[in-house]
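**Q** Numbering (my numbering), first residue to last: 1 to 373.
C-beta: ideal position from N, C-alpha, C; glycine also.
My questions all concern the structure below.
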Ligand code: AMP
């Protein structure tokens, strides 16, 4: 079942109808695919572009059965689908990436052990399951970052800790298995997106340089301002991890580049990634189209970038005073993407801006500033 090519006209199911599911659907439609979405919310961003919408939890067997009935293949925008739900779907049709890959990557403890077993460096880390584990993890020293092993995103489920007291307080607050990570004094952060198709074909995108604010991605640009040798190393590591995972679909590998010029893996995401949004305008094939080609077993597209490009995220905070000034932002030449979310909460990703050209980063920043005018 895993190697069947899924041809245009078939229905691609997407687990999760947020912005990533919506942009996957938008890439699949011109190629002639139909889209089915499973999401707990009937007003999720992908609803307006899907052919079939099933509203239900990812563990709801009736909803999963209805969804499976509509689909020829299943992919996802959300890696935290319960194992039982994935097993249910895998018994009926191809699920790409597979349950095995998702189980490796959705728990930071399993994920880091997998990366290190491949001979690849991560930040120093130790698992924390009980308060009694503190003595053992103290060798990492402070400051350190405590992260919940599962379900963290955009800085949620993370706390920077400077002492045993802060570690103990954060662990009690999370009340879940965690990893404690040594703080990496990084010069910058980069990510690499790799696609691997069901035929085993592999393609890698250019290295993306990422800037976070408050644990949330703020801007991404290419070309990354990192020596070419380090960029090549990051791409090689990402390709090695994709091959060892035997993933079908996309994997995004996030890295720290240290002051001393080492690339260290932070984490992996088995799906399209926020840092790859600029590929829609900047590359011959976007990360979303590439994901569709990979899960359908079609030839992968060229990943070449047309030139420098940048992306800036638009968070819900921009809506707090008044409706953002869209006209002023578009006058800068930036391209606007809005995800159709009904409620603009603080820190919520509502859309993004992209620009191309030598001054792309300045343009997206100016466009975002213009939204507040
Ligand atoms: P994560 O959710 O693990 O990707 O973390 C979100 C962001 O927090 C990262 O992109 C970094 O900016 C920062 N961060 C996470 N872990 C570390 C670390 N061990 N050392 C330094 N900064 C970190």
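Indicate the three-state DSSP secondary structure (helix, strand or coil) for residue 127 in the structure shown.
**A** Strand.
**Q** I need the DSSP call for residue 313, collapsed to helix, strand or coil.
**A** Looking at residue 313 - three-state DSSP - the assignment turns out to be strand.
**Q** Would you say the beta carbon of residue 78 is closer than 7 Å to some non-hydrogen atom of the ligand AMP?
**A** Not so, every heavy atom of the ligand AMP lies at least 7 Å from the Cβ.
**Q** Which class does residue 269 belong to by DSSP, given the choice of helix, strand or coil?
**A** In this structure, residue 269 counts as strand in the three-state DSSP scheme.
**Q** Could you tell me the boundaries of the alpha helix (DSSP H) in which residue 279 lies?
**A** 279 to 282 is the span of the alpha helix (DSSP H), which, as asked, contains residue 279.
**Q** Report yes if the C-beta of residue 162 is less than 7 Å from at least one heavy atom of the ligand AMP; otherwise report no.
**A** Every heavy atom of the ligand AMP is 7 Å or more from the Cβ of residue 162, so no.
**Q** Does DSSP put residue 54 in a helix, a strand or coil?
**A** In this structure, residue 54 counts as strand in the three-state DSSP scheme.
**Q** Do the region 15 to 25 and the region 35 to 55 make contact, defined as three or more Cβ pairs closer than 8 Å?
**A** They touch, by the three-pair rule.
**Q** Roughly how many whole angstroms lie between the Cα atoms of residue 59 and residue 131?
**A** Approximately 31 Å between the Cα atoms of the pair.
**Q** Inspect the beta-carbon positions of residue 195 and residue 294 and report whether they are closer than 8 Å.
**A** Yes, the pair counts as a contact, with Cβ atoms nearer than the cut-off.
**Q** Touch check for the region 228 to 235 and the region 169 to 189: three-plus C-beta pairs under 8 Å?
**A** Because the criterion of three Cβ pairs below 8 Å is not met, the region 228 to 235 and the region 169 to 189 do not touch.
**Q** Does the ligand MG have a heavy atom nearer than 7 Å to the CB of residue 90?
**A** Questions concerning the ligand MG fall outside what the structure shown contains, since the ligands it does hold are the ligand AMP.
**Q** Nearest to residue 206 by CA position, among 307, 256, 162, 354, is which residue?
**A** Residue 206 has its Cα closest to that of 307, out of 307, 256, 162, 354.
**Q** Classify residue 326: buried if its beta carbon has 16 or more other beta carbons within 10 angstroms, exposed otherwise.
**A** The residue is exposed, with fewer than 16 neighbouring Cβ atoms inside 10 Å.
**Q** Pick helix, strand or coil for residue 218, following the three-state DSSP scheme.
**A** Of the three classes helix, strand and coil, the one that applies to residue 218 here is strand, per DSSP.
**Q** In three-state DSSP terms, what is residue 87?
**A** In this structure, residue 87 counts as helix in the three-state DSSP scheme.
**Q** If I'm right that residue 371 touches residue 328 with Cβ under 8 Å, what's the distance once you round it to whole angstroms?
**A** Indeed they touch by this definition, with Cβ atoms about 7 Å apart.
**Q** Would you list the one or two residues that DSSP bridges to residue 210?
**A** Per DSSP, 189, 220.
**Q** I'd like to know whether the C-beta atoms of residue 115 and residue 241 end up nearer to each other than 8 Å.
**A** Result yes, Cβ atoms of residue 115 and residue 241 sit closer than 8 Å.
**Q** State the DSSP-derived secondary structure class of residue 257, mapped to helix, strand or coil.
**A** Strand.
**Q** Should the region 334 to 347 be regarded as contacting the region 313 to 322, the criterion being three or more beta carbon pairs within less than 8 Å?
**A** Touching, per the Cβ criterion.
**Q** Tell me whether residue 146 sits in a helix, a strand or coil according to DSSP, three-state version.
**A** The answer is strand: DSSP assigns residue 146 an E or B state.
**Q** With a 10 Å radius around its C-beta and 16 neighbouring C-beta atoms as the bar for buried, classify residue 151 as buried or exposed.
**A** Exposed, by the Cβ-count rule.
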